[in-house]
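S.K.: For the sequence shown, this note's numbering assigns the number 559 to the initial residue and increments by one for each residue that follows.
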Amino acid sequence: MNILEIFKYNSILSIPLFTVIALFNFILKSLLDFGFALYVINRFNIPYYSLLGFSLILSFIFFGFLAYFIEDKYSVIHKIFTYSSGVFWAVSQILLAQLTKDLVFITFTNVLTFIVLFLTLGFLFVKKTNVIVQAVCMFLLYSWIVIFVFRYL
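Written out as structure tokens, the structure is:
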């Protein structure tokens, strides 16, 4: 058996995987993020019905809905869930930063959140959202979450 024999089935596997990858991606990410939200809520003793608890949980639930409401089929609903998830997460970031009582981190969070919201909403209104804007926003959000997890949790 040649080592390249392994690759002969790749295209057979890639087509069905590609069709369901978005579904699994959104559901898996949403479940992981929901677990994170529950951990943060428990760690800081945040009431579920507070603005922060509500924002944390809704941001991940709305993100999970994107698995079903795909952009091509449900364009308007997809955008509503996408931007609602983003706004709820932005509120969560700002409120979580306040819990740290670290002025530098609070300022960093406020600036970062403003930049991300400005980019996403700015490009939304000119209808020029693209992968570069999404990558920049994801990098900024990922930077924030890494700092938050390793310094404050």
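Built from N, CA and C at the ideal position, the CB exists for glycine as well.
Since the model is a prediction, treat every value here as computed from it, not as a measurement.
Alpha carbon to alpha carbon, what distance is there between P605 and G611?
M.R.: Approximately 6 Å between the Cα atoms of the pair.
S.K.: Taking the alpha-carbon positions, what's the F676 to V691 distance?
M.R.: When rounded, the distance between both Cα atoms is 11 Å.
S.K.: Rounded to whole angstroms, what's the CA-CA distance from Q651 to N583? Just pull it up for me.
M.R.: Those two C-alpha atoms are separated by around 23 Å.
S.K.: Should A693 go down as buried or exposed, given a rule of 16 or more other Cβ atoms within 10 Å for buried?
M.R.: The residue in question, A693, is exposed, as its Cβ has fewer than 16 Cβ neighbours within 10 Å.
S.K.: Is it buried or exposed for G593, if we count other Cβ within 10 angstroms and need 16 for buried?
M.R.: Flag for G593 reads exposed.
S.K.: Among N668, I619, V645, I635, whose alpha-carbon lies nearest the alpha-carbon of L590?
M.R.: The residue with the shortest Cα to Cα distance from L590 is I619.
S.K.: Could you give the first and the last residue of the continuous alpha helix (DSSP H) run that contains F576?
M.R.: Segment 568-601, the alpha helix (DSSP H) holding F576.
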